[in-house]
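For the sequence shown, our numbering gives the first residue as 66, with consecutive numbering after it.
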Amino acid sequence: MRIFEKSFKMTVKLNLTINEKTAKRIKSYATRKKTSVSKIAQEQFEQVLKSDKPDTSFLDFINKYAGSIKGNTDYDKARDEYLKKKYGL
66 MRIFEKSFKM TVKLNLTINE KTAKRIKSYA TRKKTSVSKI AQEQFEQVLK SDKPDTSFLD
126 FINKYAGSIK GNTDYDKARD EYLKKKYGL
C-alpha cells in the first residue's frame, strides 16, 4: 500500500506601497513572463535574504592574524608600563 503525502506551503498576504508607475511596470513585466507579481517579489526577497550575511571581515582579520604578533605578550604589563611612562609615575 502506498501513501502519498501532499505538502502545503503556507502563504501570507503582504501589503506593499510602491509608486503607481512601478506597479504598472511590474504587472506588465509579470504578464510578459507568465508569472505573478507575488512570485517575483518572493524570489527577490529570498535572494536578498540569502545574501544578507553579517559582516565578519573584522573577525576574519583577527582570526587570520591571531597569534602572529611576536614579542611581549603580557599586555597588562605593557599597558601598565606605558601608562607609568606617559604620566611619569
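Beta carbons are placed, not taken as given, at the ideal position from N, Cα and C, and that holds for glycine.
Since we're looking at a predicted model, the values are computed, not measured.
Opening and closing residue of the alpha helix (DSSP H) in which leucine 124 lies
Per DSSP, leucine 124 belongs to the alpha helix (DSSP H) from 122 to 130.
Alpha carbon to alpha carbon, how far is methionine 75 from threonine 100?
Cα to Cα, methionine 75 sits roughly 19 Å from threonine 100.
Just the C-alpha distance for glutamine 107 and lysine 86, rounded to the nearest angstrom, thanks.
Distance between the alpha carbons of glutamine 107 and lysine 86: 20 Å.
Reduced DSSP secondary structure (H/G/I, E/B, other) of glutamate 101
Note on residue identity: the sequence assigns serine, not glutamate, to residue 101. The DSSP-derived three-state label of serine 101 is coil.
In angstroms, rounded to a whole number, what distance separates the CA positions of tyrosine 130 and leucine 124?
Cα to Cα, the separation comes out at about 10 Å.
If you check the beta carbons only, do isoleucine 91 and valine 102 fall under 8 Å apart?
Taking the C-beta atoms as reference points, valine 102 is found nearer than 8 Å to isoleucine 91.
Using a beta-carbon distance below 8 Å, is leucine 114 in contact with chain D?
Judged by its chain identifiers, the structure shown contains no chain D, having just a single protein chain.
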